[in-house]
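In our numbering, the protein residues as written are 6 to 387. Beta carbons: idealized from backbone N, C-alpha and C, even for Gly. Just so you know, these numbers come straight off a predicted model, no measurement behind them.
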Amino acid sequence: MPKAVLIENDLARTLMTKCKPKGLKIKGKLMCSVYLDLDLDAYMALDDDPLLQAKVTEAASTKYYDLVNALVVDLRIADAAYMRTDRKSERAAISEKFLKDAKKQMKIFTKDGARAAELAWTKVAKTKSDYKTYQVKAGVALAIDGLSLVAGVASTVGTGGFALIAGIYGIVKGLVGAAMKIYKLAIDADKMQARVTKGLKKIQKSLNSKKKELSGAKDTGKAAINQLLGADFVPTISTVKADNDQYKSKLQGVDVNSHKLAKELNAVLKEMDKISRRPEVKSSKKVSKALDKLQAATAKLIDKVITLQTKVNEGTVFQKKTAAAIKELETMEPKKWKAIQKGLVITDIVLAGGDYSKAGEAVLTVGTALMVEVDRELLDHV
């Protein structure tokens, strides 16, 4: 069957060009080819229809560049770690880990890249009846076991600080991902607190409308209370209690994770400060300025995390007061309902402010700009 090649690149050369590692070098070529095996009619249709070929190639290319970008980040982080140590055992471990992770990603691509090309063909083929009868099968040729590393210059003079920046940015990027997960937890907590607030308002409204009847009531219990305050009053108490317990759990998750994140971000900020004082970094005005911006953005994110912790404390106070009021209500004795008779303070806490996620996005933006300047500086040292 004729073969139509959609992508044919030397992956090793692409990674070395984009990453420019100083310690780890990819050995030799690593050709990557994405292709379609077609019957003659399909091959002729593809040859006559540039738009068809472009769409299929674009689909396969998306997966290919996802692979490239992921490997570039991994190689930068591995190379920075490699440059930070002189111990052979540590360098060997760093190299082995990169190779293992890279080969795993490449193996996934051999399936995903081919699947994307086939799906693209199927989608486009729906536009013409003739295309549906053609025999087409996509494939990826990539010698995964051919990926290997050789040691480059072990201690490049005047670029160690830049390698450290690449490593620290990789760590920061991971921490921002953790921050976004905490942000999602905060959103879940807010939703639960809103449900608790809605239930409390409903309970308070029922109580306020029947205060006189309750004060003179001799009989208590579920039936009597429901008769006075509405058929769903007691079930509402149970619902609010369950929601309030879940709210507590959500708060604890945000609290524990945000404390951990704040400590890790602070540690990274200190490392950035050390890196900023290295001679090669200080001598580059553009890199220094970009690093300052990353430090400022990271510090701002830390402030947002601390603010989040303050909100968690407010939420905890609200949750405890609500739990105490619910416990009173469960006695089914109105004379003991001190908290709700007094009138509950019902408020929205709102953990997940809009500027919190923006602070995380800002870190990634200025961090990416920093890596551009670092790449340019390293090119000058080649």
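- A329 is classed as exposed because its beta carbon has fewer than 16 other beta carbons within 10 Å across all chains shown.
- Taken atom to atom, the span from the alpha-carbon of D79 to that of T352 is near 46 Å.
- Following the DSSP letters along the chain, one finds L41 inside the beta strand (DSSP E) bounded by residues 36-43.
- C-alpha of V141 to C-alpha of I31: approximately 34 Å in a straight line.
- Checking the DSSP bridge columns, you'll see A156 partnered with L29.
- Linking T241 to A59 through their CA atoms gives a straight-line distance of about 59 Å.
- Close CB contacts of L147 within its chain, under the 8 Å cut and outside five residues either way in sequence, are with L16, L35, M36, C37, S38, M111, F114, T115 (chain order).
- DSSP places L147 inside the beta strand (DSSP E), whose first and last residues are 141-147.
- Under DSSP, E13 forms a beta bridge with S38.
- Counting other Cβ atoms within 10 Å of its Cβ, M49 stays below 16 and is therefore classed as exposed.
- In the DSSP secondary-structure assignment, K8 is bridged to D42.
- Distance between S243 and N249, taken at the CA atoms: about 10 Å.
- When the five nearest sequence neighbours on each side are left out, the beta carbons in the same chain lying within less than 8 Å of the beta carbon of I280 are those of G166, L169, I170, I173, V286, L296, in order along the chain.
- Selection Q324, L356, L369 evaluated against Q300 yields L369 as nearest (Cα-Cα).
- V379 and K291 have their C-alpha atoms roughly 9 Å apart.
- Fully contained in the region 341-381 are the following alpha helix (DSSP H) runs of length 4 or more, in chain order: 343-347.
- At a Cβ-Cβ threshold of 8 Å, I354 and V245 do not count as neighbours.
- Here the alpha carbon of Q198 sits roughly 14 Å from the alpha carbon of K207.
- Remark: three or more beta-carbon pairs, one from each stretch, lie closer than 8 Å, so the region 304-314 and the region 262-278 are flagged as touching.
- The beta carbon of L334 sits closer than 8 Å to those of I208, I242, W342, I345, all from its chain and outside the five residues before and after it, given in chain order.
- The residue from I187, K210, K8, V317 with its alpha-carbon nearest to that of L256 is V317.
- Taking C-beta atoms as the reference points, A64 and L154 fail to come closer than 8 Å.
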